[in-house]
Amino acid sequence: MSIVRNLQFVYNKACLRFYSMAYYPNKTPQVIRDDVVKLNKIPKRISCIINLRADEEENGGIEGLIGDISELAAWCLSAGIPSLTIYEYNGAIKSSIPELQRYLTKNLRSYFGVPVPTFCIKVPHSNITLTVGDESSTPDLEISLLSRVDGKPTIVELTKTMSELTANKELSVNDITVKLIDEEICELVGLEPDLLICFNPVLDLQDYPPWHIRLTEMYWEPDNNNVNYAVFIRALKKFSQSKANLGK
Numbered sequence: 010m011s012i013v014r015n016l017q018f019v020y021n022k023a024c025l026r027f028y029s030m031a032y033y034p035n036k037t038p039q040v041i042r043d044d045v046v047k048l049n050k051i052p053k054r055i056s057c058i059i060n061l062r063a064d065e066e067e068n069g070g071i072e073g074l075i076g077d078i079s080e081l082a083a084w085c086l087s088a089g090i091p092s093l094t095i096y097e098y099n100g101a102i103k104s105s106i107p108e109l110q111r112y113l114t115k116n117l118r119s120y121f122g123v124p125v126p127t128f129c130i131k132v133p134h135s136n137i138t139l140t141v142g143d144e145s146s147t148p149d150l151e152i153s154l155l156s157r158v159d160g161k162p163t164i165v166e167l168t169k170t171m172s173e174l175t176a177n178k179e180l181s182v183n184d185i186t187v188k189l190i191d192e193e194i195c196e197l198v199g200l201e202p203d204l205l206i207c208f209n210p211v212l213d214l215q216d217y218p219p220w221h222i223r224l225t226e227m228y229w230e231p232d233n234n235n236v237n238y239a240v241f242i243r244a245l246k247k248f249s250q251s252k253a254n255l256g257k
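Numbering (the working numbering), first residue to last: 10 to 257.
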């Protein structure tokens, strides 16, 4: 069995190397636009699960995490995707917003020149919003940073709040509907993504907010453990071929 797994691993790694050579944006938005223009549709909201790697690893630590987010932001802007959600289990990046803002600006300048596209960084659970650029207009890209606390703990917190309101007769039991819960969770965490990309060797959702993936298309590449453009564009291609199957 281990021999078969080893062969699968070698094959998957070979495929990933081929994809990386076939899809390489070279920090050029037009290259990305040329890849995207061929697609039937693209998501309006995309979410990515990424990991904080050990400091001694390549692209590890907070700096590596910031670099990954900055690249994803540039790819989304180039592809015309206005909303990017980053999920990292521990929320390590949430304490480094100023550093993220500076590196994002630097990286977007290398892609788009001056002036850089406007963007805002949101940390829903902390009510933090940082806008870079013209604050009077809608940003070109909205980046939300989520972690484990935005998943099941938020649902538990909302349940307790509704229970207290009901006990105090400030909220009727009849008023507690799926629509109300959906509205409250979206207000607390954000809207459900159209596409979720897991940049991990296996599809591990890592306690991603469960309410937000009911209708979400998911994508990952077996044995991949890096944030790279090849996986990003292949995820968009799969999404363009997907059909939404809604129950009646």
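Beta carbons are placed, not taken as given, at the ideal position from N, Cα and C, and that holds for glycine.
Small disclaimer: the values here were computed from a predicted structure and weren't measured.
query = Within 10 angstroms of its Cβ, does R14 collect 16 or more other Cβ (buried), or is it exposed?
reply = exposed
inquiry  = Just to confirm my understanding: we take A239, look at its own chain, exclude 5 residues before and 5 after, and list those with CB closer than 6 Å. What are they?
reply    = Y28, S29, Y32
request  = List the residues that DSSP assigns as beta-bridge partners of R54.
outcome  = S92
request  = Tell whether a beta-carbon distance below 8 Å holds between C75 and L109.
outcome  = Looking at the sequence itself, residue 75 is Ile, so the reference to Cys does not match. Yes, Cβ-Cβ distance for I75 and L109 is below 8 Å.
ask   = So P91 packs on D149, CB below 8 Å; how close in whole Å?
value = 7 Å
query = Is I185 helix, strand or coil by DSSP?
reply = coil
Nearest-angstrom Cα separation, counted from E179 out to G89 = 43 Å
inquiry  = If you measure between the beta carbons of K115 and L154, is that distance less than 8 Å?
reply    = no
ask   = Any idea what DSSP makes of K257, helix, strand or coil?
value = Note on K257: pLDDT 38, under 50, position unreliable in the model; no value is reported.
task = Excluding the 5 residues preceding and the 5 following S249 in the sequence, name in chain order all residues of the same chain whose CB lies nearer than 6 Å to its CB.
result = L48, N49, K50
message = Could you tell me the alpha carbon to alpha carbon distance between G2 and E196, rounded to whole angstroms?
response = Residue numbering for the chain in the displayed model covers 10 to 257; residue 2 lies beyond these limits and cannot be assessed.
request  = Can you tell me which of the three DSSP states K131 falls into?
outcome  = strand
key: Euclidean distance between Cα positions of V40 and R157   = 35 Å
inquiry  = Pull the bridge partners of M227 from the DSSP assignment, please.
reply    = L205
request  = Write down the C-beta distance between S6 and T127 rounded to the nearest angstrom, noting that I regard them as a contact closer than 8 Å.
outcome  = Outside the shown range of the chain (10 to 257) lies residue 6, about which nothing can therefore be said.
query = According to the Cβ coordinates, are P52 and S87 closer than 8 Å?
reply = no
task = Determine contact between the region 199 to 206 and the region 53 to 63, defined as no fewer than three beta-carbon pairs at a distance below 8 Å.
result = yes
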